[in-house]
Structures are given as structure tokens and as C-alpha cells.
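Worksheet for the structure shown next.
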Amino acid sequence: MDKTPCQRNCCLDHDDICLGCGRSLTEICGWHQADAAQKEQMLVQAEQRLIAKKRPAAVVHSDQASHSDQASRGKPS
1499 MDKTPCQRNC CLDHDDICLG CGRSLTEICG WHQADAAQKE QMLVQAEQRL IAKKRPAAVV
1559 HSDQASHSDQ ASRGKPS
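Going by my numbering, the sequence shown opens with residue 1499, and the numbers climb by one from there.
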């Protein structure tokens, strides 16, 4: 797994969890040193965190996803 789940929407909450990808600060810093099993575990935990925060999870950065996310934020409720 060479790609990072970074969404280039980095903003840490009060628990040091990225609101873009759902990883903890520790997981973000250790991503490139982690083996495949550790990365898979990080992704599962990140997805669970995003679900708990009611944010969509994404595995890899996608320009298309970024554009649709920006568009949805601009729509009135």
C-alpha cells in the first residue's frame, strides 16, 4: 500500500484526529514506517472514527471527491 489516505483537508480536532482522513496524529506521523497490516488497521480505525463523526470515509485522495465535497458544503440545507 503505497498511497496515503490523506485527503489534503488536514485539520485536527480536540482529540488530535484529522477531520479529513480520520487518522490520529500518531497514525499520520507513523504511516510511512507502518507495515501493510498496521496500515490496514489504521484505515479501519480511521473509517470508524469518521463514521462516529458522521463524515464520509475515503481510502485515498481523489480530486473528484474533493470537488464534490466542496460543492456539497456550498449547498444550502
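Virtual Cβ for every residue (Gly too), placed ideally from N, Cα, C.
This structure is a prediction, so every number in the text was calculated from the model and none was measured.
**For L1517, three-class secondary structure by DSSP** = Note: L1517 maps to coil in three-state DSSP.
**Message:** Give the list of continuous beta strand (DSSP E) stretches no shorter than 3 residues that lie fully inside the stretch 1526–1558.
**Reply:** Correct list: empty.
**Prompt:** For L1510, which residues does DSSP report across the bridge?
**Reply:** Per DSSP, C1516.
**Same chain only: Cβ atoms within 7 Å of T1502, ignoring 5 sequence neighbours per side** = Within the same chain, T1502 has close Cβ partners W1529.
**Message:** Applying the 10 Å Cβ sphere with the 16-neighbour rule, what's the burial state of E1538?
**Reply:** Exposed.
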